[in-house]
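Residue numbers (full-length UniProt numbering): 1 to 94.
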């Protein structure tokens with residue numbers, strides 16, 4: 001940058017009253033917006049995954065949904081991890 005550029009920038013800063021100074025608050029606001037958008041996308045993705053899990057569990061273990069309050073509980077997920085095959089599920093429930 002030379003003296004001419006420096007002078008032009010200085011004059012613009014002095015004369016243009018619409019310029020706003022950079023603040024940490026504006027940075028944090030933008031970061032918060034970005035994180036909020038990211039969280040929203042994750043929540044949408046989780047909802048899609050829960051729908052897929054419900055559909056698959058209802059196909060493989062149609063009786064399970066009537067035995068538990070909701071399919072989306074840690075205990076149900078653990079059960080499905082421990083007993084991944086339908087014939088094991090039938091043995092466990094009966």
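No residue lacks a Cβ here, since even glycine has one placed at the ideal position from N, Cα and C.
- With fewer than 16 other Cβ atoms inside 10 Å of its own Cβ, residue 40 counts as exposed.
- In this structure, the beta-carbon distance from residue 63 to residue 54 does not fall below 9 angstroms.
- The criterion of a C-beta distance shorter than 9 angstroms is not satisfied by residue 57 and residue 32.
- When the Cα atoms are used, residue 37 and residue 30 turn out to be separated by approximately 11 angstroms.
- Every alpha helix (DSSP H) stretch that sits fully inside the UniProt domain "Transposase IS110-like N-terminal" (2-62) and reaches 4 residues is listed by chain position as 3-15 and 24-60.
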